[in-house]
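Undergrad:
In our numbering, the protein residues as written are 102 to 425.
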């Protein structure tokens, strides 16, 4: 077991260097903390802070207001943040707990979209419970500190508990995240400034902890987006498949209709594949869509980024002029 030296060093470092000005660190409101945790999954702090966190809270000031809103409204406020399953899980959780988050980590962990680390974060940051967290930054710090070549979840949880400063869990967890984000970075870590360096087992070769996983080249899918016009309105569908579920957009097909006129191409990269999409305008093509919308109506719908790219194509803007 560790003495208090390294734990005190982490605590002292946070007091002096931590990102205390982040808005979710200036509140003990569990919903605000929960929202930040969900938004920060797969998304950088700068993006969340500048474009999404405050507008979302202005529209949905309480978790109860999320529960009472239709999913479309929640998705609209999430528009552009990506990984929309997060928004759907947030909405589902708000309804499930009737707008009041439980206080215990086991109960929180049973809610949709809240894993063990997020449950611990909410309990620690809102209620100051002595629980470790294990986000991507913390995993990297622990791997390097304990010289772990492989990110084994069970081992990492054991090490996170071992290093936890139980008297100051709030500061400890915030510090571990900040150290990972600011000092113990994936490339070129600044070991000289790290409060863990004097007992860090991996500081001589931090690039080996953890060993990089060979990236698999993502496949490219080529599809066709059907732009359907009817009396000056655009025909859209509301997606039912897992990817982009609930968002509105153009119908996509694998085969280009013979009488279609090309409007241009767009590309978009998802986590598991790259999409190359040709937008075509179809005349005399009978397609079942979920609705026809004017420019103003489209502006109020939650659209995916790739569908917004189609709306911004010069041919679309010049001839159809839907609002993006």
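Backbone N, C-alpha and C fix where the C-beta goes; we use that ideal spot for every residue, glycine too.
The structure presented is a predicted model; accordingly, all values stated were derived computationally and were not measured.
Would you kindly check if the distance between the Cβ of residue 274 and the Cβ of residue 346 is under 9 Å?
TA: By 1-based counting over the chain shown, the position of residue 346 is 245. By 1-based counting over the chain shown, the position of residue 274 is 173. No, these two residues do not count as a Cβ contact at 9 Å.
Undergrad: Can you tell me the Cα-Cα spacing of residue 197 and residue 153, whole angstroms?
TA: As a working note, residue 197 is residue 96 in the chain shown. As a working note, residue 153 is residue 52 in the chain shown. Rounded to the nearest angstrom, the two C-alpha atoms are 24 Å apart.
Undergrad: Write down every uninterrupted run of the beta strand (DSSP E) in the stretch 349-409 whose length is 3 residues or greater and which is fully enclosed by it, in chain order.
TA: Every unbroken stretch of the beta strand (DSSP E) spanning 3 or more residues and falling wholly within the stretch 349-409 is given here in chain order: 352-354, 362-370, 375-383, 392-394.
Undergrad: Taking C-beta to C-beta, are residue 150 and residue 191 nearer than 9 Å?
TA: Counted from its first residue, the chain shown places residue 150 at position 49. Counted from its first residue, the chain shown places residue 191 at position 90. Contact: no.
Undergrad: Measure the C-alpha to C-alpha separation of residue 362 and residue 349 and round it to an integer number of angstroms.
TA: To locate residue 362, count along the chain shown from 1; it is residue 261. To locate residue 349, count along the chain shown from 1; it is residue 248. Cα-Cα distance, rounded: 22 Å.
Undergrad: Check the DSSP bridge columns for residue 321 and list the partner residues they point to.
TA: For the purposes of this step, residue 321 is taken as residue 220 along the chain shown, with counting starting at 1. DSSP lists 375 as partners of residue 321.
Undergrad: For residue 389, tell me which candidate among 283, 328, 180 has the shortest Cα-Cα distance.
TA: Walking along the chain shown from the start, residue 389 turns up at place 288. Ranking the options by Cα distance to residue 389, first place goes to 328.
Undergrad: Locate the alpha helix (DSSP H) running through residue 257, then write down its first and last residues.
TA: Taking the chain shown and counting its residues from 1, the one referred to as residue 257 is at position 156. Start and end: 254-264.
Undergrad: Going by the CB atoms, is the gap between residue 404 and residue 180 shorter than 9 Å?
TA: Translated into positions along the chain shown, residue 180 becomes position 79. Translated into positions along the chain shown, residue 404 becomes position 303. The beta carbons of residue 180 and residue 404 sit closer together than 9 Å.
Undergrad: Quick one: which unbroken alpha helix (DSSP H) runs of 4-plus residues sit fully inside the stretch 183-210? Chain order, please.
TA: 186-197, 206-210
Undergrad: Cutting at 7 Å between CB atoms, please list the residues of its own chain near residue 212, excluding the five before and the five after it.
TA: Here residue 212 refers to the residue found at position 111 when the chain shown is read from its first residue. If we look at residue 212 and ignore the five residues flanking it on each side, its Cβ neighbours are 194, 197, 198.
Undergrad: Throw me the rounded Cβ distance for the residue 202 and residue 188 pair, which I believe falls under 8 Å.
TA: Taking the first residue of the chain shown as position 1, residue 202 is located at position 101. Taking the first residue of the chain shown as position 1, residue 188 is located at position 87. So it is not a contact: roughly 17 Å between Cβ atoms.
Undergrad: Just to confirm the assignment, what range does the alpha helix (DSSP H) spanning residue 164 have?
TA: Translated into the one-based positions of the chain shown, residue 164 becomes position 63. Taken as a continuous stretch (DSSP letters only), the alpha helix (DSSP H) holding residue 164 covers 164-169.
Undergrad: From the DSSP secondary-structure annotation, give me the bridge partner or partners of residue 339.
TA: By 1-based counting over the chain shown, the position of residue 339 is 238. Answer by DSSP bridge pairing, in chain order: 349.
Undergrad: Tell me which residue opens and which closes the alpha helix (DSSP H) that residue 242 is part of.
TA: Taking the chain shown and counting its residues from 1, one reaches residue 242 at position 141. It spans 237-246 - the alpha helix (DSSP H) in which residue 242 sits, taken as one unbroken run.
Undergrad: I believe residue 271 touches residue 226 by the beta-carbon criterion, under 8 Å. Please report the beta-carbon distance rounded to the nearest angstrom.
TA: Counting from 1 along the chain shown, the entry for residue 271 is found at position 170. Counting from 1 along the chain shown, the entry for residue 226 is found at position 125. Rounded, the Cβ-Cβ distance is 6 Å, consistent with contact.
Undergrad: Which residues does DSSP pair with residue 174 in a beta bridge?
TA: Counted from its first residue, the chain shown places residue 174 at position 73. Answer is none; residue 174 lacks a bridge partner.
Undergrad: Return the CA-CA distance between residue 163 and residue 169, expressed in angstroms with no decimal places.
TA: Within the chain shown, residue 163 is the residue found at index 62, counting from 1. Within the chain shown, residue 169 is the residue found at index 68, counting from 1. Rounded to whole angstroms, residue 163 to residue 169 spans 10 Å at the Cα level.
Undergrad: Is it the case that the Cβ atoms of residue 426 and residue 406 are separated by a distance below 9 Å?
TA: Outside the displayed range of the chain (102 to 425) lies residue 426, so it cannot be described from this structure.
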